[in-house]
Structure formats: structure tokens, C-alpha cells
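Worksheet: the structure to be examined is printed underneath.
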């Protein structure tokens, strides 16, 4: 893995000095092209052996390029806001927007490598994380990001010499800490672990660039040229075509999960009121349960036909909760800051911390519903979204979130009745728009998209609950009951005790 | 203060039921007008005595209006990301954008009132905070926000009865905690403190609305109508005209602080290199000083004529720092999320936590420079900006930030020379744009605006440093030296020891 980076690459001072002006000029040119076009972000990971010039290289990139459009983020101990959310949340919030360069000094690789070296992580756990990382990076690349992963390598002797040289110069001496020498002792172990990590994550979409760190001039010119060529190539050739999967297969007898729903289900008013009160009380209790507060979070996803009663269900849930504990996130058109990021970014930013509830009124499933049906994204984009969404929800659940997803289904006739009723009733009028009538015309397309979505994203960790919603009473109680039962199962799972009913 | 809220206001159930449908409809209408026009945000503070129906009222607003465009934020103990920044940072990050309603369950009033009751804050400290709050709210209102501050009052008996009633109903019993009864004991003290707080902060721009909380129907209808009338009035009548201050007075002999600068100051190359190395080493040391890390932060502001060398100075500072410690924030056109917030919001979001350095390449002074000169904001807007900016910087300094502000001045001739040079030199070309040539034509206006700015915002806590920048060597060393000296003074001030030189 590191053989080519132990050859003792050296660039003499004259060659370096001659090469730099043209390189700077070219780097600035592509940086400004990048900024003007705002088509993709550049994500640069700077990692490697201690003393191999990571900091110097970052500073150099700052001095060669326009530092105003580069951001560097270092990741040491996570803050409490980060600790109470899924592991990748802190990296999502640090992603550079399209047109900008984001340098990660330390990254999603740092903790796994450190933990593995310290013996705090088993190989199987590490491989599991690396698998996650590969999928995360593939998503970044598929979303358009240019991902450059640098690993600066030093031979064991080289590292010793670099540390000594840094120590001698008063301007760099501070970069050498007792930990630097500590890490020298674990050099072999680092090589072993890093070798494994790099091998497993050396993917076609985001390959590693291993650079010998011994000679400043060699290292600097190499990094500068790789960055230059990669951005330039991407600007010239655009985003790589992503192969499209075979078409979805639908059952030849036309039977679908939504078609099979018994939309005639009803709940009488008296039963409704009793059941509603019962489940609201139970939800209210569960949300204040010590096993929930500070340990778990609740993420509710509402999708469904227009006028299926999402809002009404959400209000019944909200009424059982303390306003200080939940947020409702309506998903409408993305802001320009959101448009400059990977698709899932605008949902990651609302991931609740432990003890909190977030209710999404429409969600990340927009990609495989409205965006698919209306052609707002390419086929390749929505096809890969299924597994990206599964990964996302998996990360939420792994951190302790209880993810409950509802599809509210009404019949076409019931929708028509509600549309008309809404147009007539004053204070419900706001809910009916031109767009609703337009969407209604594509009823079958939406149903097909919903069925595909349910098949592909109803996982054991985050299953879909299909709600027969022609009768609002029945639907609201089913939603509340499902939430209570999901929470109970989750809290029970955590400490093996059955909750009091 | 609370007399009108102890009259035992009651609305009978029938009147309430009759009034609600029309109120709901009207609230939805104005909420949708608000959302469509996106002219201003609505900030609703819900505060008051325990058990006075704060939570219920918030839930009611959610059920009467469209909950997707309301957000509620509760403020209990600050997170560590909040604790390491100025007190108001957490409120700034929670402000609703234009078109939306943000409910603050607990607000900037909560902590001062609680601390004062607990005897942890002196009256003078409280009054000092209240003064800050008044200026903050005035700023919100001047920026266009509709601020509605509700205080729910209960008589002492009323509070006891409410708590008992809440306890009886299993659905609300959880709202009553041991602390609720604890607070009943401090009822008189709360009335005294709250009375004082409300009186001092009952400003013309953001008056308190005191509501008797005993009767649900009365309280609900009152809040609903106040919210309705306030939003409706504002939508119809627009933003209130802000009186404009008398024109700036300029010295009759035309002498200005910038005109008096000796732009002939120079530093020979050899001296430059020695001094640069010296101050970079010192800065590097200071940034790693235990008295800085985790305790103070450094905020650098760069303003000046185009081509005055801001970028070059910033790079020399960056070279002395660890990339993991600083961020450069270039100020360009605001994003749409930024445009939907008060002017200073986009700077607040970049306020560094303790131990970090943020370098602003152009800054909040844009309001009184380019926005003033080019007419991007009204005269009233830039006139009030001076004191808002002073408040902002005061809050930064109060939290431990060292704020160092540079105005880099070159002569008109030198600017012309640099513009031409940049057009000729390849890799500097990016720095010169059409806009630079346009701005150059308004040289005198920019100088006048800069002189006003310096006069009005060079405070003891955050003084301006004027830099004679015709000679880049001289300017860069002056900048670095000033930063080092400012840091040294600040660190010395903290523990009374002189720093080693």
C-alpha cells in the first residue's frame, strides 16, 4: 500500500520554485471556475502519519488558492450537540456547499483508526464502520461532490526525522507534542491499521491518494497538482454518468400493498374519543419516561396522498407532547443553502438530539415520490435514493432513534370529496392549492411510486405503517397507537422490562 | 402592573365556542398572507407564572394555525456549543425567518428572572441585562420583526387552584412537577422581580401583553385575538417609519482621520522578514497559550479600500495559526436564509467558540460602508447600525472575545497602480472585477463613510486600527503586531500577569 511513498521522492528547490507560479495561477483559475459554476463542492481529506506535513499542506493550499472560499474543519472531541446525535451528523453539518472547497483535517476516518490502534474497537466493528463510510462517500460522489482523500505517509525513520526537524524550528516546534512521540511508538500498529482501512476504502468513486510526506517540495507540488487536475478534469468533463438499474418489476396481477388496504375501516365517534384519549395519555407518558429522555429520540415521518389527513394526525400527536420537546418540520422547496448540498443534508440538519421528537410533514421520501414522478431528478438519482435512505435511517436507529413512518392512504373518491369540502369551508381553504389538483391527475403514478417506496424502504429497523385513512378517526387512532407501540417496544428492548400498560 | 389580570376575567363556554371558528379562519388567513409576503417574522414570547397555561396556549396556537410554519423553541440549560459563545447566540440561532412564526417558550427573560429570584444576581446586574434586552428587541423590531411578548399572570390563589386542576386531569397531571409547588412558595418574590422586569422592558417598540391565565377560554381568545390583530395590522400598515437622525457633521476644515494617515510609511525587505517572523512566532505562541485556549476567542475584522491588501495580511496571520483553529469568513452577498433574518444574523452564526479564531474578510461594517454608499439599505437602517454594531461587539467582548478591527488605507494612486498590476499578472487577475472599477469612482463617498464609521464604532472595547497600507510590508507587520499586542493585553488583563516577551 505504501511502497511508492517510501521511495524517497525529492524535488529540488529550483524545480519547485520554477513550478509554483504556474501552479498557483492554474489553481486560482480552476477555483474561480468552480466558484462561478457552483456545480459541485470539493471535499479534501487530509490524513496520515503525524509530522508528515498535513498542517503545512493545508496552509499552503490556503496561500496558493483564494483562502476565502476554502474552509477547514478539524474534528476533535465531539460537542454535546454532536454527541447526542448520530455519528455522521457532525460531518454533514461541515460539508462545503457547491462551488467551495472544504478541507477536513481529521475526518470520519480519525476516530475508527485511533480506536482500533488503542484496541478499543474490534476488527469486525471497524469493518462495519468502513462499510458505512464507503456508502457515505459513494453518496457524496453521486450527489456531485469531488472527493479527494489524501494520506501522507512517512517511513518510520522519516517520521522521526520530521519530528526532529519541526522541533528545531521555533515556528513549527509547537506542532510537535508529547503525543507525537507517543504515536511514534505505535508506528507499526498505525501502518497495519491504516493499511487495512485504506485498502477497504480505496473505492473507485473515492480512491486514496497516498503521498510521501518527507520532502516538503515533493509533497506540496504533488498535492497542488492532484487538486488542480481533479478539479479541472471535473469542470471539463462534468459528472460521470451513473449506470441506471433495471426497471422496477411490478406484480403481473396488478395487486399492490396499497390496493389491498381495506379503506372501509371506521371508528365510531365514541370509540374514537376514548381511544384517542387513551393513546394520547400513553404517548405523553412515554415521552416523559426516563428510558426515553436523554437516551432515545423519536422521528415521525408522514407521507401520503394529498388531503389524506397528515396535518390532523400530527396535531393529535402534538397535543400529547410538551411544545418544548418536539419540532414539526414541513418539507417544502429547499432553500439555496440546501440546494448547494447533497440531497439528505436538509434532513440531517433537523435530526433531533436524544430526548426530542421531530415530526416530518413529508420527508426525504420526496425524492422517490414527487421528484421521481415529476421528473425533478434523474432516474439514477431516485434509484440510488432507496439505499441512501435506508442507510440514513439505519444511522438514526443506531444512535437510539425510534423511526416511525406512516403512509396515509385515501381513495380517489374520498380525496375529491375532501378537496371540494376544503374549498367550501373557510378556514380549511388554505390547504388546497392548484398543485393539489395537478397531482391528483397523476394519481396512478404516485401510487406506483409509493408502492415501490414501501417495498424498498420498509426495513426491520424502520418499517412503514400503512394507514387506511378514509375515516379520519380510524387513521388518527392507528397512528397514535402505532407510535405508542413502537416506543414501548424500543424502550422494552433497551432494558428487557415490559412497560406498564 | 398585574391589576387588570386579577379581575377574574371569564368567558363562558358558549361565547368561546361561537368565537373560535371565525378566529381560526382569520388566523389562518393572516398566517398565509404572512407566509406569502415573507416581509417579516413574528416572534412570540410566552412567559409567566407556572400553571398559567403557557403550554396549553402554545398547543392551541398550533391547532388554530398551520403548525408547519410555527416553530417553538424552549431554552433550558445551554449546550456546550452555546455556553462557549455570547449569551444571546442561542437566541439568534433560533430566530424565525421572515414569513414564519417563532414561539419562544422561555426566552432571554427566563434566566435573569430565575437568577434574580434565587438571589444569584444583583439588581444592578439585572438592570444591565435588561438594558441589553431592550436594545436587542429594538433591533429586532427595527429589522422588521413583529415582537409579541405575552406574560400570563395568576393571582396566588389562582395559581394554587390551577395546579390542583391540572393535577386532577391525568392528561395534564405531568405538567405539574415538584418544582411547580416549589415555585408557589416564591410567588411573591416572582411578582416583585417580574414586575420590575416587565416595567423596565415595557418599551414602545416591544410592549408586554399581560393576560390573566385563570380561565382557559378567556386566555385563549385573548391571545388568539392579539396575535391576529397584530399580524393583520402589520400586514396592512407595513413597517413603521423610523425617525432619521440629523445628518452627520463633518469637520469644516476637511481634515479626517484617514486623510491624516502618513501613507509614506515603509518597511525594508530585510526588516520586514525579521519582524514578520517575530510576530508570527509570537502570535502562534499566543494562540496556544493556556490563557487563550478554552477561555478567550479572537475575532479579526478586515475592512479597507479595494486592493488595500486585506487578503495578503490575512494569509500572513493564517500562516501563524493551526488550520484547525481558525476560519476565514468572506462576506459576499447574503444567502436567502440570511436575507430572511435580521442583518446581524449572518455574522452571529459565525461567532467562534472559545479558543477559536475567526477572520472576517469584510464584515458587519458593510452596512455602514457599501450598503450606505450604494443605497442598498435605508438611511434609518445604516444610521441605527452603528449602535447595533457596538452592542454586538460589546457582547462578543463580554464573553471573552478579543475583537481587533483593521481599516487598510491606500492612496487612490496606489490603488490604480495595483489594479493595473493585477490585470497584468496572471494569478492575481481574479482579484480585480468590474465592481472594483465602479467602486473606485465613488472613492470620496467611501472615504467619508469610513471616517464616520471609525468615529462612531471605535470603542474602548473594540477600537479600530488604521493601517497605512501603501507599503505592504509595513501594513502586514503592523497588523500582526497589533493582533499580538491586543491579545497580550487581553491575556494579561485576565490574570494580572505580564506576558513573557
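Residue numbers (our numbering), protein chains in the order written: chain A, 1420 to 1920; chain B, 1420 to 1920.
For every residue, glycine included, the Cβ atom is placed at its ideal position computed from N, Cα and C.
Range covered by the alpha helix (DSSP H) that runs through residue 1789 of chain A:
1789–1793
First and last residue of the uninterrupted alpha helix (DSSP H) at residue 1838 of chain B:
1831–1843
Between the Cα of residue 1574 of chain B and the Cα atoms of B:1793, B:1494, B:1422, which residue gives the shortest distance?
B:1422
Residue 1495 of chain A (DSSP reduced to helix, strand or coil):
coil
Could you name the residues of chain A that residue 1746 of chain B contacts, counting a contact when the two beta carbons are closer than 8 Å?
1490, 1491
Under the three-state reduction of DSSP, which class applies to residue 1806 of chain B: helix, strand or coil?
helix
When burial is assigned at 16 or more other CB atoms within 10 Å of the CB, is residue 1639 of chain A buried or exposed?
buried
Residue from A:1758, A:1805, A:1818 whose Cα sits closest to the Cα of residue 1514 of chain A
A:1758
Suppose the cutoff is 8 Å on Cβ atoms and the five residues either side in sequence are ignored; what does the same chain contact list for residue 1433 of chain B look like?
none
Should the region 1559–1577 of chain B be regarded as contacting the region 1606–1626 of chain B, the criterion being three or more beta carbon pairs within less than 8 Å?
yes
Looking at chain B, is there any beta carbon in it that lies within less than 7 Å of the beta carbon of residue 1734 of chain A?
yes
Taking 6 Å as the limit between beta carbons, can you name the residues of its chain near residue 1427 of chain A, skipping five residues before and five after?
none
In angstroms, rounded to a whole number, what distance separates the CA positions of residue 1691 of chain A and residue 1744 of chain A?
26 Å
If residue 1453 of chain B sits next to residue 1695 of chain B, beta carbons under 8 Å apart, how far is it from one beta carbon to the other, in whole angstroms?
Actually they do not touch by this definition, with Cβ atoms about 55 Å apart.
When the Cβ atoms of the region 1777–1796 of chain B are set against those of the region 1531–1539 of chain A, are three or more pairs found closer than 8 Å?
no
Per DSSP, what kind of secondary structure is residue 1918 of chain A in: helix, strand or coil?
In this prediction, residue 1918 of chain A has a pLDDT of 32, which is less than 50 and means its spatial position is unreliable; what the coordinates show is noted afterwards. DSSP places residue 1918 of chain A in coil when its eight states are reduced to three.
So is residue 1547 of chain B buried or exposed if we call it buried at 16+ other beta carbons inside 10 Å?
exposed
Contact set between residue 1510 of chain A and chain B, taken where Cβ atoms lie within less than 8 Å
None at all; the shortest Cβ gap to chain B is about 15 Å.
Spatial neighbours of residue 1591 of chain B within its chain, please: C-beta separation below 7 Å, excluding the five flanking residues on both sides.
1585
Go ahead and pull the three-state DSSP assignment for residue 1825 of chain A.
strand
Could you name the residues that DSSP lists as bridge partners for residue 1567 of chain A?
A:1463
Find the nearest neighbour of residue 1386 of chain B within the set B:1443, B:1458, B:1893, B:1900, judged by alpha-carbon distance.
Since the first and last residues shown for chain B are 1420 and 1920, residue 1386 of chain B lies out of range.
Take residue 1595 of chain A and list the residues in its own chain whose beta-carbon comes closer than 8 Å to its own, dropping the five residues that flank it on each side.
1470, 1582, 1585, 1586
When the distance is taken between beta carbons, is residue 1555 of chain A closer than 7 Å to residue 1517 of chain A?
no
Same chain, Cβ closer than 6 Å to residue 1804 of chain B, five either side skipped, listed in chain order:
1786, 1787
Spatial distance of residue 1579 of chain B from residue 1636 of chain B (CA atoms)
19 Å
Residue burial classification, residue 1538 of chain A (beta-carbon count within 10 angstroms, cutoff 16):
exposed
Under 7 Å between the Cβ atoms of residue 1936 of chain B and residue 1720 of chain B?
The displayed coordinates of chain B run from 1420 to 1920. Any statement about residue 1936 of chain B would go beyond what the structure contains.
Residues near residue 1774 of chain A by beta carbon distance below 6 Å, same chain, minus five either side:
1712, 1713
Cβ-based neighbour list, residue 1791 of chain A, same chain, cut-off 7 Å, excluding 5 preceding and 5 following
1801, 1868
Need the endpoints of the alpha helix (DSSP H) that residue 1717 of chain A sits in, please.
Premise fails: residue 1717 of chain A lies in the beta strand (DSSP E), 1716–1723, not in any alpha helix (DSSP H).
Looking at residue 1833 of chain B and residue 1822 of chain B, is the spacing between their C-beta atoms short of 7 Å?
no
Is the region 1723–1742 of chain A close to the region 1473–1492 of chain B, with three or more CB pairs under 8 Å?
yes
Cutoff 6 Å; reference residue 1521 of chain B; Cβ partners in own chain excluding five residues on either side:
1462, 1490, 1515
Within 7 Å of any Cβ in chain A, is that where the Cβ of residue 1737 of chain B sits?
yes
What does residue 1487 of chain B touch in chain A if you count any residue whose Cβ is under 7 Å from its own?
1747, 1749, 1780
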